[in-house]
Each structure stands twice: as C-alpha cells, then as structure tokens.
Amino acid sequence: MYRFHKLGKMTSTRCAVCKYFRRRCPPDCIFAPYFPHDNPQKFTCVHRFYGASNIGKMLENMSVHQRADAVDSLYYEAKCRIQDPVYGCVGIISTLQRQIQIAQSQLAKAQAEISVLDANFSVAEPVLSLGEPLVQPTGVDHGPDDPFSTWFY
Amino acid sequence: MGSGSSPCASCKLLRRRCAKDCIFAPYFPPDDPHKFAIVHKVFGASNVGKMLQELPVHQRADAVSSLVYEANARMRDPVYGCVGAISYLQNQVSQLQMQIAVAQAEILCIQMQQGPDQLPATHPSMVDCDVKSLLLSGNNTSDFGDQMPQFLSYTSSSNNIIQDPLKRESPWT
Chain P
1 MYRFHKLGKM
11 TSTRCAVCKY
21 FRRRCPPDCI
31 FAPYFPHDNP
41 QKFTCVHRFY
51 GASNIGKMLE
61 NMSVHQRADA
71 VDSLYYEAKC
81 RIQDPVYGCV
91 GIISTLQRQI
101 QIAQSQLAKA
111 QAEISVLDAN
121 FSVAEPVLSL
131 GEPLVQPTGV
141 DHGPDDPFST
151 WFY
Chain F
1001 MGSGSSPCAS
1011 CKLLRRRCAK
1021 DCIFAPYFPP
1031 DDPHKFAIVH
1041 KVFGASNVGK
1051 MLQELPVHQR
1061 ADAVSSLVYE
1071 ANARMRDPVY
1081 GCVGAISYLQ
1091 NQVSQLQMQI
1101 AVAQAEILCI
1111 QMQQGPDQLP
1121 ATHPSMVDCD
1131 VKSLLLSGNN
1141 TSDFGDQMPQ
1151 FLSYTSSSNN
1161 IIQDPLKRES
1171 PWT
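Same order as they appear, the protein sequences are chains P and F.
Quick note: the first sequence, position 104, residue 104 per the numbering used here, numbers continuous.
Quick note: the second sequence, position 170, residue 1170 per the numbering used here, numbers continuous.
Encoded structure:
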C-alpha cells in the first residue's frame, strides 16, 4: 500500500499485520482494510488468541462485505478474553441468561398482580371493565433448538 | 497422557507423542476428538496451550469449556460468533424490561383507579388513566432497572460500531 507524502514522494504504509511480521504489505493484503497501521493493538489482541493464519483463513472463507464485522467480533471476543481469561465473553452470555430468567419471573409476577387487581376490580365495580390487559403473557421461548443453550458456572 | 497409554485427542490430531504431563490431556480425552478439533480450528493448538499455561490448574477445565463454546458459536456463525448471541440476549433483556415497565405502569393505573384515598373517580385524569403517560412521566417503579448492569450493545449496523467492552461494568468482579 503506497501513500503520497506531502512533498510528492511515495511512501509505503504497511498494515498493522504486515508491520507486526515485518514483511511487505502487498496491494491485495487481506488484512489491510481491517487492521490499519495506526491501531496495532487491534491486531496484537486478536492474534494473541486466534493467530494470524486462522484469521486469514476465516476472512478468506467469507464474502468481502462480511469481513469488517467478523474482525470486529473477533476483536470484541479477544478483549473479553483478556478481561476474563477463564470465561471470556461466555461469562457475559451466562449473566445475560440469568438476567432474562429474573426478568421473566418479575414479568410473570407483575402479570399475576394485574390479574388479581382486575378480578378485585370486577367484583367491586361490575359495571366498569378494563378490557384486555395491556400486557399479554409472553415468554422468551427459545424453542427446542436453541443455539444459545444455557451456560452456568 | 490420557487414560492408559492412549494419547489425548490433541496429540492424536497433531500426531505427536502424548507426554505424561501433556497440558491438553485432562481436558481433551481421546473419546471426544471433535472437541479439540473445533477448538484447534478456531484458536489453534498453540494458542490454546498458551492460554491454559497462563491459568491456574483449577480454572483450566472451565476455560476449555468456554473456548469450546466460543469455537462452536464461531463455527455456527463465522461472522459474529458469540457476539451474535450476546446481541440477541441483550435485545431480549431490553424487551423484557419494557414489558415489565408497561405491566408496572398498568398496576399503578389500576391502583389509582381503585384507591379510595386517591383523586375522585369522576376526576377525568383518573377515569382515563393512561398507561402511556405514566410511562413517559417516569413512574416506573421497577427495581429490576437498579440491578441491571450496563452492557454494551453490539449492532451489525452498516458503520460497524462496537463500543469498547472495557468501558462497561463488569458483573463478575
């Protein structure tokens, strides 16, 4: 990758990956669009857990328009793993699943309370009718083939 | 080495001698070759070995389990991996919070209509108790919101914005 210096001279700017490996950065370098030279930490972070070779293979196996998101998600997971070397981002998934269970329980409790209040109101004031409750019983039904199976630790 | 003289799944895949103190052997038994194969495909054996070496022994089993989980998620969704799951679950949490807020506003509404010490029933604001206006006025009495840590949200928007996870509160510290 070449850039024009302000004096009109061409200078080479390697991507962070090629700079890390001290090699020439070709014009069609697969890493260059996603690992710019001014953010070396992004690559060192991802490289630490996945390795440049694996990242390159992953990028090659997907279409170009998906690669930026893929690199960002790998970077996010790598940062989670740095923060929590044992559970990584799986720890976040576990916490979210627990919070969903708590929220479902609270929602069910609130809906039950609405039913009781509605029943009491109907008994006390038979003329008035509140109609259907605003909140219909809903759950978070993942179905039998839930890809995000519960993780507990 | 694994049980008896059988090499562990990692040494079998890598075609090398399984040493007595093989770091992989306790976690990748020979009867489950797929487990190591998928972790090796995503992370690489060398990186997995380094990760395990940096951890105390009693944490390695959980670390391997989480790596297997992440690797499986990445195989299922090569673009987003586990991050897709996090985004999905965060959306569910948001939806549930909203439903709880609506339900609690409705409870408040009903109580205001029923309460004898409240404004007279003939008062137009009480007869026409509006859940929406209660929500907008911030009468949400949900205590769930106080417990909810602030997670970053990952979106697959066209500008590919991901907030720095290190800025969020860590629920496990």
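Just so it is clear, CB atoms sit at the ideal spot from N, CA and C, and this is done for glycine as well.
Note that the structure is predicted; figures quoted are calculated from it, not measured.
- Under the Cβ criterion of 9 Å, I100 (chain P) is counted among the residues facing chain F.
- Using a Cβ-Cβ distance cut-off of 8 Å, the stretch 1069-1078 of chain F and the stretch 1028-1042 of chain F are in contact, since at least three pairs of beta carbons, one from each stretch, lie closer than that value.
- DSSP, reduced to helix, strand and coil, places L117 (chain P) within a helical segment of the structure shown.
- Here the alpha carbon of S1010 (chain F) sits roughly 53 Å from the alpha carbon of A112 (chain P).
- DSSP places K1050 (chain F) in the uninterrupted alpha helix (DSSP H) bounded by A1045 to Q1053.
- Judged by DSSP secondary structure, N54 (chain P) falls within the alpha helix (DSSP H) whose first and last residues are A52 to E60.
- By the Cβ neighbour-count rule, D72 (chain P) is buried, with 16 or more other Cβ atoms within 10 Å of its own.
- Taking 9 Å as the threshold, the shortest C-beta distance from L1013 (chain F) to chain P does not fall below it.
- DSSP places V46 (chain P) in the helix class (H, G or I) of the three-state scheme.
- Looking at P:F21, P:T95, P:R67 and P:Q104, the one whose alpha-carbon comes closest to that of Q1099 (chain F) is P:Q104.
- By the rule that beta-carbons nearer than 9 Å mark a contact, A1025 (chain F) does not touch chain P.
- Taken atom to atom, the span from the alpha-carbon of V90 (chain P) to that of E1070 (chain F) is near 7 Å.
- At least one C-beta of chain F is nearer than 9 Å to the C-beta of R48 (chain P).
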